[in-house]
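Encoded as C-alpha coordinates, the structure appears first; notes follow it.
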Amino acid sequence: MFQAAVHEALKKQTALKAEADACFASAADNAAKLSDVLAESLNEEVREIYETQKLLETESQLLRRELAESRAALSGWAAKLQRLQGAVKEAGDLEHYSEYLAREAAALARAAGALGLCAAAPAGGGTAAEEGGAEGEVGGRASGSGGGGGGEVGEALPISRGASR
(Lines of atoms letter the chains of each structure in order from A and count residues from 1; the text may use other names and numbers.)
(Lines give C-alpha, C1' and ligand atoms only; values in the text may rest on other atoms or scores of the structure.)
Protein backbone atom coordinates (compact mmCIF):
# COMPACT_ATOMS: atom_id res chain seq x y z
CA MET A 1 0.00 0.00 0.00
CA PHE A 2 2.65 2.47 0.82
CA GLN A 3 4.54 1.39 -2.12
CA ALA A 4 1.81 2.37 -4.56
CA ALA A 5 1.46 5.74 -2.89
CA VAL A 6 5.24 6.34 -3.02
CA HIS A 7 5.30 5.22 -6.60
CA GLU A 8 2.39 7.53 -7.43
CA ALA A 9 4.13 10.42 -5.60
CA LEU A 10 7.38 9.80 -7.50
CA LYS A 11 5.45 9.71 -10.73
CA LYS A 12 3.74 13.01 -9.90
CA GLN A 13 7.04 14.48 -8.78
CA THR A 14 8.68 13.48 -12.07
CA ALA A 15 5.78 14.91 -14.06
CA LEU A 16 5.85 18.14 -12.05
CA LYS A 17 9.63 18.33 -12.42
CA ALA A 18 9.34 17.85 -16.19
CA GLU A 19 6.60 20.49 -16.31
CA ALA A 20 8.76 22.86 -14.21
CA ASP A 21 11.74 22.24 -16.52
CA ALA A 22 9.54 22.92 -19.56
CA CYS A 23 8.24 26.13 -17.95
CA PHE A 24 11.79 27.15 -17.05
CA ALA A 25 12.98 26.48 -20.62
CA SER A 26 9.98 28.36 -22.01
CA ALA A 27 10.66 31.28 -19.66
CA ALA A 28 14.33 31.31 -20.67
CA ASP A 29 13.35 31.29 -24.37
CA ASN A 30 10.80 34.04 -23.79
CA ALA A 31 13.34 36.05 -21.78
CA ALA A 32 15.85 35.71 -24.63
CA LYS A 33 13.20 36.78 -27.14
CA LEU A 34 12.21 39.72 -24.92
CA SER A 35 15.87 40.68 -24.59
CA ASP A 36 16.25 40.54 -28.38
CA VAL A 37 13.13 42.67 -28.89
CA LEU A 38 14.30 45.24 -26.32
CA ALA A 39 17.79 45.33 -27.82
CA GLU A 40 16.33 45.67 -31.31
CA SER A 41 14.06 48.47 -30.12
CA LEU A 42 16.98 50.29 -28.50
CA ASN A 43 19.12 49.69 -31.57
CA GLU A 44 16.36 51.10 -33.77
CA GLU A 45 16.20 54.25 -31.64
CA VAL A 46 19.99 54.55 -31.67
CA ARG A 47 19.99 54.03 -35.44
CA GLU A 48 17.34 56.75 -35.86
CA ILE A 49 19.40 59.10 -33.67
CA TYR A 50 22.53 58.29 -35.68
CA GLU A 51 20.74 58.85 -39.01
CA THR A 52 19.24 62.11 -37.72
CA GLN A 53 22.68 63.23 -36.56
CA LYS A 54 24.15 62.43 -39.99
CA LEU A 55 21.32 64.34 -41.65
CA LEU A 56 21.89 67.33 -39.35
CA GLU A 57 25.63 67.28 -40.08
CA THR A 58 24.93 67.18 -43.82
CA GLU A 59 22.49 70.07 -43.55
CA SER A 60 24.98 71.98 -41.40
CA GLN A 61 27.70 71.51 -44.03
CA LEU A 62 25.32 72.68 -46.77
CA LEU A 63 24.39 75.74 -44.72
CA ARG A 64 28.06 76.52 -44.06
CA ARG A 65 28.82 76.19 -47.77
CA GLU A 66 25.87 78.43 -48.69
CA LEU A 67 26.95 80.93 -46.04
CA ALA A 68 30.49 80.99 -47.43
CA GLU A 69 29.13 81.48 -50.95
CA SER A 70 26.84 84.25 -49.71
CA ARG A 71 29.74 85.93 -47.91
CA ALA A 72 31.85 85.73 -51.07
CA ALA A 73 29.00 87.18 -53.15
CA LEU A 74 28.45 89.91 -50.57
CA SER A 75 32.15 90.75 -50.58
CA GLY A 76 32.05 90.91 -54.37
CA TRP A 77 29.04 93.21 -54.29
CA ALA A 78 30.71 95.39 -51.65
CA ALA A 79 33.84 95.70 -53.82
CA LYS A 80 31.71 96.53 -56.88
CA LEU A 81 29.77 99.08 -54.85
CA GLN A 82 32.99 100.72 -53.68
CA ARG A 83 34.25 100.89 -57.28
CA LEU A 84 30.89 102.31 -58.37
CA GLN A 85 30.97 104.90 -55.59
CA GLY A 86 34.50 105.86 -56.62
CA ALA A 87 33.44 106.16 -60.27
CA VAL A 88 30.41 108.26 -59.32
CA LYS A 89 32.64 110.48 -57.20
CA GLU A 90 35.12 110.83 -60.06
CA ALA A 91 32.28 111.62 -62.47
CA GLY A 92 31.03 114.27 -60.05
CA ASP A 93 34.55 115.66 -59.72
CA LEU A 94 34.92 115.70 -63.52
CA GLU A 95 31.55 117.41 -63.92
CA HIS A 96 32.48 119.98 -61.28
CA TYR A 97 35.85 120.56 -62.94
CA SER A 98 34.25 120.95 -66.39
CA GLU A 99 31.84 123.52 -64.91
CA TYR A 100 34.80 125.27 -63.33
CA LEU A 101 36.65 125.31 -66.67
CA ALA A 102 33.53 126.61 -68.44
CA ARG A 103 33.26 129.46 -65.89
CA GLU A 104 36.97 130.22 -66.30
CA ALA A 105 36.67 130.18 -70.11
CA ALA A 106 33.67 132.50 -69.95
CA ALA A 107 35.56 134.83 -67.61
CA LEU A 108 38.57 134.78 -69.95
CA ALA A 109 36.31 135.50 -72.93
CA ARG A 110 34.72 138.42 -71.11
CA ALA A 111 38.13 139.66 -70.03
CA ALA A 112 39.48 139.34 -73.57
CA GLY A 113 36.46 141.18 -74.90
CA ALA A 114 36.92 143.88 -72.30
CA LEU A 115 40.64 144.13 -73.08
CA GLY A 116 39.83 144.42 -76.75
CA LEU A 117 37.59 147.35 -75.91
CA CYS A 118 40.20 148.79 -73.60
CA ALA A 119 42.87 148.52 -76.31
CA ALA A 120 40.75 150.82 -78.45
CA ALA A 121 40.04 153.04 -75.46
CA PRO A 122 43.41 154.89 -75.25
CA ALA A 123 42.51 156.85 -78.33
CA GLY A 124 39.41 158.04 -76.59
CA GLY A 125 40.24 157.95 -72.93
CA GLY A 126 42.49 156.14 -70.48
CA THR A 127 43.39 152.61 -69.49
CA ALA A 128 41.24 150.15 -67.60
CA ALA A 129 43.05 151.00 -64.39
CA GLU A 130 42.36 154.68 -64.90
CA GLU A 131 38.70 153.99 -65.50
CA GLY A 132 38.10 152.43 -62.09
CA GLY A 133 39.51 148.93 -62.45
CA ALA A 134 42.14 147.87 -59.93
CA GLU A 135 45.34 146.08 -60.89
CA GLY A 136 44.59 142.54 -62.09
CA GLU A 137 40.91 143.30 -62.66
CA VAL A 138 39.03 144.08 -65.79
CA GLY A 139 37.37 147.48 -65.87
CA GLY A 140 33.97 146.00 -66.69
CA ARG A 141 31.51 144.22 -64.46
CA ALA A 142 30.43 140.57 -64.54
CA SER A 143 27.08 139.84 -66.04
CA GLY A 144 26.87 136.02 -66.03
CA SER A 145 25.27 133.61 -63.61
CA GLY A 146 27.85 131.99 -61.42
CA GLY A 147 26.55 128.89 -59.75
CA GLY A 148 29.32 129.35 -57.18
CA GLY A 149 32.90 130.15 -58.04
CA GLY A 150 32.18 132.54 -60.93
CA GLY A 151 31.60 136.25 -60.62
CA GLU A 152 28.25 137.50 -59.47
CA VAL A 153 26.42 140.38 -61.17
CA GLY A 154 28.15 143.66 -60.38
CA GLU A 155 31.30 141.98 -59.02
CA ALA A 156 34.67 142.79 -60.58
CA LEU A 157 36.14 139.76 -62.36
CA PRO A 158 39.68 138.71 -61.47
CA ILE A 159 41.95 137.96 -64.39
CA SER A 160 42.80 134.29 -64.18
CA ARG A 161 46.46 133.33 -64.36
CA GLY A 162 45.61 129.71 -65.37
CA ALA A 163 43.07 127.13 -64.39
CA SER A 164 44.10 125.29 -61.31
CA ARG A 165 42.16 122.96 -59.16
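Residue numbers (UniProt numbering): 1 to 165. Every residue gets a Cβ at the ideal spot worked out from N, C-alpha and C, and that includes glycine. All values reported here derive from a predicted model rather than from experimental measurement.
Distance from the CA of residue 99 to the CA of residue 68, rounded to the nearest whole angstrom, comes to 46 Å. Straight-line measurement puts the Cα of residue 112 at about 24 Å from the Cα of residue 96.
Put simply, the backbone Cα of residue 37 is about 15 Å away from that of residue 27. By the 16-neighbour rule on beta-carbons within 10 angstroms, residue 107 is buried. By the 16-neighbour rule on beta-carbons within 10 angstroms, residue 103 is buried. If you draw a straight line from the Cα of residue 9 to the Cα of residue 16, it comes to about 10 Å. Its chain contains no residue whose beta carbon lies nearer than 6 Å to that of residue 50 once the 5 sequence neighbours on both sides are disregarded.
Residue 114 is classed as buried because its beta carbon has at least 16 other beta carbons within 10 Å across all chains shown. Note on geometry: alpha-carbon atoms of residue 65 and residue 87 lie some 33 Å from one another.
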